[in-house]
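A short worksheet on the structure shown next.
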Amino acid sequence: MAEESLITDEMRAVIGVESEPWTLEVDKTSIRMFARAVGYTDPVFYDEAFARSKGFRALPAPPHYLGTPVFNPATSDPTFGGPRGTNPAARVRHNLKRVLNGGTDIEYFDTVYAGDVLTATSKVADISERQGSIGRMLITVSETTYRRDGQVVAIARGTIINY
Amino acid sequence: MTAATEPQQLYFEDVQEGQQIELRVTPTTQQLVQWAAASGDFYQIHYDKDFAISTGLPGVIVHGALKHALLGRMLWEWIRYAGRIKRWAVSYRGMDVPGQEMICRGRVTGKRVQDGQYLVDLEIWTENPQGQRTTPGTATVILPSRG
C-alpha cells in the first residue's frame, strides 16, 4: 500500500512565490576575508592594483561569494545572518525533525566586484520526496536570484533535505 | 604583493577531454571559524564540538558551502583571469571533518561552443582519505580561445 505523500497542497502553494527583496553588500574587506577563509593566495583578491592589471575593474568576488546581507538585529537571523522570513525552505511546513544541507548550485551571468550592492529575492523552486537510507526524505530546492542594477548576476540554488 | 610564479592563461584549445585537475586541502578548525565569519553561517555544528556531538555528529564538520567554495577555488586557479566559472553544482553526500585531507578533483567531460562561448564541462568532487566522493557534482567554465 502506498504511503501518504509528505507533500501537501499547502506546500505546493508556496512553490514559485517570490520573497521580499533584501540587500547584500560586497566590499573590499569582505572579499579579502572570504578569500582568506577559502585559502586563496592569489593576489587578485587582495591587491586592487594587481586586480586592475588583470583586467578587473575592482577586487573580484571569489567564486561562491555573493555578498553579505545587511545585518539588522531586529530583522536578521542570528545564526545565518540573512533576513528572517526569506529562507524559502522555512516556508515549507512539515513535521520532520532532522535536516541536512543537500547541495549547492551557483550559476553566474556576470562577475561580482567590490563595491557592488546586490538585491536578492528567493523562492521555492521545487519540492519532491524520496525514500533513502535515512528514511523518507522531503527535498526542497530553493532558488535565490541576485541582481545588480536590475540585471541578474547570479542564481544560487540550494537543496534542503528534511527527514 | 606579487605572484611568485604566475601561471599561464588557460585557453580552450589547451584542454583535452579526460584531463584531470586537483586541489589538495586539509581544512582546520581555524579555517572553519574563518569561513563562519566570512560566510555569516554561525551554525554551531561547525565550531562547537560539544554542540556537534549533542546533535549526533562525531564532532565538528566542514561546512558544505565551504566545500563548494573550495571546488570553486580549484576551478578559479585552473582557468586563470580570462576564464570565468559559468556554473558549478554539488551534492553533499558525505561529511568531511577538519584535520583530515580533502582532495578537490575535476575531470573534463566535454568541450563545446555555444552562443559564441567556449565552454568546458567537468565532473567535480571532493574525496576523503578513504577515497569516497563526499561532494560529487558538475561544472561548466568559459575559457578564452586562441582562435
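In order, the protein sequences belong to chains A and B.
Numbers 1 to 163, taken from our numbering, label the letters of the first sequence in order.
Numbers 1001 to 1147, taken from our numbering, label the letters of the second sequence in order.
We put the beta carbon where it would ideally sit given N, CA and C, even for glycine.
Leaving out the 5 sequence neighbours to the left and right, which residues in its chain are closer than 6 Å to A1037/B when beta-carbon positions are compared?
-> Result list for A1037/B: empty, nothing under 6 Å.
Which value, in whole angstroms, describes the spacing of the CA atoms of A156/A and R1107/B?
-> Each residue's CA atom was taken as its position, placing A156/A and R1107/B some 23 Å apart.
When you check each C-beta in the stretch 1067-1080 of chain B against every C-beta of chain A, which residues fall closer than 8 Å?
-> Listed in sequence order: H1068, A1069, L1070, G1072, R1073, L1075, W1076, E1077.
What span of residues does the beta strand (DSSP E) with D126/A cover, start to end?
-> Under the DSSP assignment, D126/A falls in the beta strand (DSSP E) whose first and last residues are 117-132.
Interface residues of chain B around M33/A at Cβ under 9 Å?
-> Here the neighbours are Q1034, A1037, A1038.
Nearest chain A C-beta to K1147/B closer than 8 Å, yes or no?
-> Strictly speaking, residue 1147/B in this sequence is Gly, with Lys absent from that position. No, because no Cβ of chain A sits closer than 8 Å to the Cβ of G1147/B.
Is the stretch 43-57 of chain A touching the stretch 5-24 of chain A in the sense that three or more CB pairs, one from each, lie closer than 8 Å?
-> No: fewer than three Cβ pairs fall under 8 Å.
Who are the near neighbours of C1104/B in its chain, counting only those whose CB is closer than 6 Å to its CB and skipping five residues on each side?
-> Counting only residues of its own chain and dropping the five nearest sequence neighbours on each side, C1104/B has a CB closer than 6 Å to the CB of L1023, L1070, L1071, M1074, T1126.
Who are G158/A's beta bridge partners in DSSP?
-> Partner(s): T104/A, S142/A.
R93/A: buried (16+ other C-beta within 10 angstroms of its C-beta) or exposed?
-> The residue in question, R93/A, is exposed, as its Cβ has fewer than 16 Cβ neighbours within 10 Å.
Take the Cβ of Q1031/B as the centre, count every other Cβ of all protein chains shown within 10 Å, and call the residue buried at 16 or more, exposed below.
-> Buried: at least 16 other Cβ atoms inside 10 Å.
Cutoff 6 Å; reference M1001/B; Cβ partners in own chain excluding five residues on either side | Only weak support is given to the placement of M1001/B: the predicted model assigns it a pLDDT of 46, under 50, and the value that follows is read from those uncertain coordinates. Cβ neighbours of M1001/B beyond the five flanking positions: none.
Which residue or residues does DSSP assign as beta-bridge partners of P88/A?
-> Partner residues in a beta bridge of P88/A, as assigned by DSSP, do not exist.
Can you grab the Cα-Cα spacing for the pair S19/A / T75/A, in whole Å?
-> Distance between the alpha carbons of S19/A and T75/A: 14 Å.
Pairwise C-alpha distance: L59/A and S1091/B | Straight-line Cα distance between these residues: approximately 29 Å.
Three-state class that DSSP yields for A1037/B in the structure shown = Of the three classes helix, strand and coil, the one that applies to A1037/B here is helix, per DSSP.
Return helix, strand or coil for E1127/B, following the three-state DSSP convention.
-> Correct three-state label for E1127/B: strand.
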